[in-house]
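For reference, the structure is listed below as structure tokens.
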Amino acid sequence: MNPTLLALLIACGTPTASNATDEPRWLRGNTHTHTLWSDGDAPPETAVAWYVDNGYQFLVLSDHNVMQTGERWFDIQPDGRLTPEKVEDVRTRFGEAWPQTRTVEGIDSMRLRTLEELKARFEMADDFLLVPGEEVTSSHRMAQIHINAINVDEALPALRTGSVQDTIQDNLDAITDWGRRNDRPVLGHVNHPNFQNSLASSNLARIDGVGFFEVYNGHRSVQNERVGDRPSTEEMWDLALIARLTDPKGGEMLYGIASDDAHDHYDPDAVSIPGRGWIMVRSDSLDADAIVKAMLEGDFYATTGVELEDVSVTEDSLVVDIATRPEITYETVFIIATPGEDGVRTDLVRTTADPAVHRFKGDELYVRAMVRSSRVHPRPYQKGDVETAWTQPVRPAAGGRSGDDPK
Ligand SMILES: [Zn+2]
Ligand SMILES: [Zn+2]
1422 MNPTLLALLI ACGTPTASNA TDEPRWLRGN THTHTLWSDG DAPPETAVAW
1472 YVDNGYQFLV LSDHNVMQTG ERWFDIQPDG RLTPEKVEDV RTRFGEAWPQ
1522 TRTVEGIDSM RLRTLEELKA RFEMADDFLL VPGEEVTSSH RMAQIHINAI
1572 NVDEALPALR TGSVQDTIQD NLDAITDWGR RNDRPVLGHV NHPNFQNSLA
1622 SSNLARIDGV GFFEVYNGHR SVQNERVGDR PSTEEMWDLA LIARLTDPKG
1672 GEMLYGIASD DAHDHYDPDA VSIPGRGWIM VRSDSLDADA IVKAMLEGDF
1722 YATTGVELED VSVTEDSLVV DIATRPEITY ETVFIIATPG EDGVRTDLVR
1772 TTADPAVHRF KGDELYVRAM VRSSRVHPRP YQKGDVETAW TQPVRPAAGG
1822 RSGDDPK
């Protein structure tokens, strides 16, 4: 629906207790960004400020195998990752007193601000939140196994166990166990499966419980797209979903995430910059536990720019209501997986209607939607990319988002 029309309808309505903060709303967030705490090119405050300034409600700084805690001094060097110009930029943007610098034995350095300090500086009650996290960065032989731990605020060691699958599962289980011990909702998302041809759809298929993975990662070396015989991350999603949901033991959903994986916070056309992909999570409060809970229920979508008014599953349909913008056209593709005698058939049904509606026949294994706009991405992963959104797979039953018996 056109947002202007919606605003008009709201404006004409009877005033109610509309300031209540417990009204569910879509929160824009990125769960994957790096800073100088690991291999990013910016002090954390510079990275965070971009997201604050660009309309995000939450951000996870997901440095490799480290939390932003403790005292850490970073050398300032003209040809290093922290240059005198970057320190000057911090001083200009955040005030004379903000950067803490020192000189020891002739070497200048700046102290990296901790997550606690960043929270104190940037968080705003209903507007911006830093969710703690880490990119648990492991490997098995040639396979890179990177998993983002979301809402975990102590560094979990990267486990390396007997196989690719065990390494994935053991790291995911360590995240789940940490959440259980700390009585906190947490989740782990498997990152960039095609990076260095590391993972296959079968690895995603065999993740225990509800799974999360990056269907889109903005880093230009991760290969989201199909190359030769190697499926795209989106094709891997369907292959894994079909395997999971036809598993006689009752496999659960696999949800798709879009993220930046930003390392480069200065050059707007660098390999991995902020603003390429993000998620929209429907939550009644800007709170890390509430955000993770909503994600565990599949109440979010992934996007590189297309915004949705609503995604709803009723008894008889999946409805995708697009927040259309003038001069831009939209095509929704419903991906419909249906079991048959010769295995699972996948049909693509296209529509330019808004809202886009798929009426359940009742025998679908799952249905998901991809909405592609005509708008060229202003900060693209690949030149010419158009803004796209992916809704989560659902099953044709009321409340059938996750955990139901597939039969
Ligand atoms: Zn990674
Ligand atoms: Zn990363």
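Here the numbering used here is used: position 155 in the sequence shown is 1576, and no number is missing along the way.
Note that the Cβ used here is the ideal one computed from N, Cα and C, for glycine as well.
Since the structure is predicted, the reported quantities are computational estimates derived from the model, not experimental observations.
Own chain, CB closer than 7 Å to residue i, minus 5 neighbours either side, in chain order
{"i": "L1666", "result": "G1672, L1786, Y1787, P1827"}
{"i": "Q1803", "result": "none"}
{"i": "E1655", "result": "V1636"}
{"i": "E1544", "result": "L1550, L1551"}
{"i": "F1515", "result": "E1466"}
{"i": "E1752", "result": "R1771, T1773, R1793"}
{"i": "A1595", "result": "L1577, L1580"}
{"i": "K1540", "result": "L1551"}
{"i": "R1641", "result": "V1692, S1693, Y1802"}
{"i": "W1599", "result": "V1573, L1577, V1607"}
{"i": "D1685", "result": "D1462, A1691, V1692, S1693, I1694"}
Counterpart residues of residue i in DSSP-defined beta bridges
{"i": "N1569", "result": "E1556, H1610"}
{"i": "G1591", "result": "According to the sequence shown, residue 1591 is Asp rather than Gly. The partner list for D1591 (beta bridge, DSSP) is empty, contrary to what the question assumes."}
{"i": "T1777", "result": "Per the sequence shown, the amino acid found at residue 1777 is Ala instead of Thr. In DSSP, A1777 forms a bridge with V1741."}
{"i": "N1451", "result": "L1480"}
{"i": "V1469", "result": "DSSP lists no partner for V1469."}
{"i": "D1768", "result": "I1757"}
{"i": "V1631", "result": "DSSP, once it has assigned bridges, lists no residue as partnering V1631."}
{"i": "V1531", "result": "The sequence shown places Met at residue 1531, rather than the Val named in the question. F1495, T1522, per the DSSP bridge assignment."}
{"i": "E1752", "result": "R1793"}
{"i": "A1564", "result": "H1561"}
{"i": "W1811", "result": "A1723, M1791"}
{"i": "R1446", "result": "S1704"}
{"i": "F1616", "result": "Looking at the DSSP assignment, F1616 forms no beta bridge with any residue, so it has no partner."}
Neighbourhood of residue i by C-beta distance below 6 Å, restricted to the same chain and skipping five residues each side
{"i": "R1697", "result": "G1639, D1681, R1800, Y1802"}
{"i": "D1731", "result": "D1742"}
{"i": "Q1813", "result": "Y1676, G1719"}
{"i": "T1504", "result": "none"}
{"i": "V1754", "result": "L1769, R1771, M1791"}
{"i": "V1565", "result": "Checking the sequence, you will find Gln at residue 1565 rather than Val. Here the set comprises F1616, Q1617, S1619."}
{"i": "D1587", "result": "none"}
{"i": "A1683", "result": "T1454, S1693, I1694, P1695"}
{"i": "T1437", "result": "Note that T1437 has pLDDT 41, beneath the 50 cutoff, so the model's placement of it is unreliable and no number is given."}
{"i": "E1537", "result": "none"}
{"i": "D1708", "result": "none"}
{"i": "T1490", "result": "T1535"}
Of the listed residues the options, nearest to residue i (C-alpha basis)
{"i": "K1670", "options": "N1645, G1630, D1650, A1679", "result": "G1630"}
{"i": "I1571", "options": "V1727, D1710, S1794, A1777", "result": "D1710"}
{"i": "S1584", "options": "A1576, T1809, M1563", "result": "M1563"}
{"i": "D1479", "options": "S1704, A1777, T1773", "result": "One detail in the question is off: residue 1479 reads as Phe in this sequence, not Asp. It is S1704."}
{"i": "M1791", "options": "E1575, P1553, V1815, G1491", "result": "V1815"}
{"i": "D1659", "options": "D1574, G1461, E1509, F1634", "result": "F1634"}
{"i": "G1761", "options": "F1755, R1746, D1784, E1748", "result": "D1784"}
{"i": "S1622", "options": "S1794, P1464, A1661", "result": "A1661"}
{"i": "P1817", "options": "M1657, T1759, A1518, A1810", "result": "T1759"}
{"i": "A1679", "options": "R1446, N1451, P1445, D1443", "result": "N1451"}
{"i": "I1568", "options": "A1576, N1592, Q1586", "result": "N1592"}
{"i": "E1492", "options": "D1500, R1523, V1611, R1512", "result": "R1523"}
{"i": "I1628", "options": "V1807, I1589, R1601", "result": "I1589"}
{"i": "R1746", "options": "E1526, V1481, S1795", "result": "S1795"}
{"i": "D1460", "options": "N1486, A1470, W1471, V1481", "result": "N1486"}
{"i": "L1457", "options": "D1484, E1748, T1725", "result": "D1484"}
{"i": "G1554", "options": "E1575, E1538, I1497, E1646", "result": "E1575"}
{"i": "V1511", "options": "E1646, A1468, D1474", "result": "A1468"}
{"i": "V1807", "options": "G1764, G1726, E1736, R1789", "result": "G1726"}
{"i": "R1542", "options": "L1448, A1470, D1443, H1798", "result": "A1470"}
{"i": "P1776", "options": "T1750, P1445, R1534, I1757", "result": "T1750"}
{"i": "K1714", "options": "A1463, L1608, N1612, R1601", "result": "L1608"}
{"i": "M1531", "options": "E1748, P1464, E1537, T1558", "result": "P1464"}
{"i": "V1740", "options": "T1767, W1494, E1538, R1789", "result": "R1789"}
{"i": "Q1420", "options": "R1534, N1612, D1668, I1528", "result": "With the chain covering 1422 to 1828 only, the question about residue 1420 has no answer from this structure."}
{"i": "R1602", "options": "T1582, V1573, H1798", "result": "V1573"}
{"i": "I1757", "options": "T1490, Y1687, S1706, I1663", "result": "I1663"}
{"i": "P1520", "options": "I1528, W1494, G1501", "result": "W1494"}
{"i": "G1501", "options": "S1560, A1518, E1517, D1529", "result": "D1529"}
Proximity test, residue i beta-carbon vs ligand 3 heavy atom, cut-off 8 Å
{"i": "H1610", "result": "This structure lacks ligand 3; its bound ligands are ligand 1 and ligand 2."}
Cβ shell of residue i (< 8 Å), same chain only, five flanking positions each side left out
{"i": "S1738", "result": "V1778, H1779, R1780, F1781"}
{"i": "R1822", "result": "Residue confidence is low: R1822 scores 43 on pLDDT, short of 50, so the model does not pin down where it sits. Its coordinate-derived value is still stated next. M1674, E1718, G1719, D1720, V1734, Q1813, V1815, R1816, listed in sequence order."}
{"i": "Y1722", "result": "I1700, M1701, L1729, V1732, A1810, W1811, T1812, Q1813"}
{"i": "N1475", "result": "P1695, G1696"}
Exercise for review: Would you mind listing the beta strand (DSSP E) stretches within the region 1482-1511 that are 3+ residues and don't spill past its ends, in chain order?
Suggested key: 1494-1496
Check your understanding: Under a criterion of Cβ closer than 5 Å to any non-hydrogen atom of ligand 1, which residues qualify, in chain order?
Key -> H1567, N1612
Check your understanding: What alpha helix (DSSP H) runs, 4 residues minimum, are completely inside the region 1667-1745?
Key -> 1709-1717
Check your understanding: For ligand 2, which residues count as neighbours when the test is a C-beta closer than 5 Å to any heavy atom?
Key -> For ligand 2, the selected residues are E1556, D1682.
**Study point:** In chain order, each beta strand (DSSP E) run of at least 3 residues that lies wholly inside the region 1632-1662
**Key:** You should have 1632-1638.
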